[in-house]
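The opening residue of the sequence shown carries number 2 in our numbering; numbering runs sequentially from there. The C-beta atom is built at its ideal place from N, Cα and C for all residues, glycine as well. In this text the structure is predicted, and so the values were computed from the model without any measurement. The next block holds one structure in the form of structure tokens; read it before the comments.
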Amino acid sequence: MNILVVGAHPDDQELGMGGTIARLAADGHRVHLLDMTNGEPTPHGTPEIRAREAARAAEILGVTRECLGLPNREVVHSVEARHAVAGVIRRHAVEVVFTAYPIDAHPDHVATTRIVEDARFDSKLTKTDLPGEPIYPKWLFHYWCTHLRIVPDPSFLIDTTGFAERKRKAILAYESQFVLPERNRRVPDWIDSAGVFFGSRIGTASAEPFFSREPLGLAGLSGLT
Numbered sequence: 002m003n004i005l006v007v008g009a010h011p012d013d014q015e016l017g018m019g020g021t022i023a024r025l026a027a028d029g030h031r032v033h034l035l036d037m038t039n040g041e042p043t044p045h046g047t048p049e050i051r052a053r054e055a056a057r058a059a060e061i062l063g064v065t066r067e068c069l070g071l072p073n074r075e076v077v078h079s080v081e082a083r084h085a086v087a088g089v090i091r092r093h094a095v096e097v098v099f100t101a102y103p104i105d106a107h108p109d110h111v112a113t114t115r116i117v118e119d120a121r122f123d124s125k126l127t128k129t130d131l132p133g134e135p136i137y138p139k140w141l142f143h144y145w146c147t148h149l150r151i152v153p154d155p156s157f158l159i160d161t162t163g164f165a166e167r168k169r170k171a172i173l174a175y176e177s178q179f180v181l182p183e184r185n186r187r188v189p190d191w192i193d194s195a196g197v198f199f200g201s202r203i204g205t206a207s208a209e210p211f212f213s214r215e216p217l218g219l220a221g222l223s224g225l226t
């Protein structure tokens, strides 16, 4: 299955669903990460540093990655941005899309989610200048990587047992964000604790929460954890 995971900034995807990304890749799915911006400027980063960190994190998770190159802190919903993401969806023949939860304090996150939701629609259009063949991803799911102090109320959880350490390593690949800044050094521990908590809700060692606007179907009860 072809899966696209979109984040406003490098590290959003790792923070929100790094364990799931690693699990999906290990299960044989083709997972591609799309960063809307390069995440700069930040106090300890540069575009070159962030690009190296993002590439390293993708390598740890076993996936591919690209950056759309929109201006950090200035992401806006536009037809041009929608079509750029739709082009990525079509180029990779994406069947499942993940993006950030739509309620957030960071304007880039809010704009990115709206762009991705609309790009899903645009990707199926015919008689356009978009590259590739029309395709409509069957599923669009949201992960949590918010700047609000909210507690996720997920539609479903994905068991990430065995992949929590790989997620942590991918996060720590962003040394400019989670190693050098003293105030951010506890973030990986918070993420680990959240994974253990959500795992406890379904009887596993770790898990990650997701939200869906659309109902999920089960062929039976054998797939339940």
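Looking at the backbone, the Cα of Val117 and that of Glu15 are separated by about 18 Å. With respect to Gly70, Phe164 sits apart: the two C-beta atoms are not nearer than 8 Å.
In the structure shown, the three-state DSSP call for Ile4 is strand.
Ranked by Cα distance from Gly17, the options Val86, Pro108, Phe199 are led by Phe199. Cβ-Cβ distances below 8 Å link Gly8 to Gln14, Gly17, Leu34, Leu35, Asp36, Met37, Thr100, Ala101, Thr113, Cys146 in the same chain, with the five nearest sequence neighbours on each side left out; the list follows chain order. Gly204 has its alpha-carbon roughly 15 Å from the corresponding atom of Ser223. With respect to the 8 Å criterion, Glu209 and Thr161 are classified as neighbours on the basis of their beta carbons.
Assignment of Gly19 by DSSP, reduced to helix, strand and coil, places it in the helix class. The segment 127–144 makes contact with the segment 79–95, as at least three CB pairs between them are under 8 Å. By the Cβ rule, the segment 57–64 counts as touching the segment 164–181, because three or more pairs are nearer than 8 Å. Bridge partners of Asp160 according to DSSP: Ala208. The three-state reading of DSSP puts Leu71 in strand, counting E and B together.
In this chain, Val89 is not harboured by any beta strand (DSSP E); it is covered by the alpha helix (DSSP H) spanning 80–92. Rounded to whole angstroms, Thr226 and Glu41 show a C-alpha spacing of 40 Å. When Gln178, Arg53, Asp154 are compared, the shortest CA-CA separation from Arg214 is found for Asp154.
Following the DSSP letters along the chain, one finds His45 in no alpha helix (DSSP H), marked with neither H nor E. If the five residues before and after Val32 are omitted, its C-beta is found closer than 7 Å to the C-beta atoms of Ile4, Val6, Ile22, Leu25, Ala26, Val64, all from its own chain and listed in chain order.
Exclusion of the five residues before and after Gly46 leaves Ser177 as the residues of its chain whose Cβ lies within less than 6 Å of its Cβ. A straight line joining the alpha-carbon of Arg57 with that of Gly221 spans about 39 Å. Spatial neighbours of Pro189 in its own chain (CB-CB distance under 8 Å, excluding positions within 5 residues in sequence) are listed in chain order as Arg169, Ile172, Leu173, Phe179.
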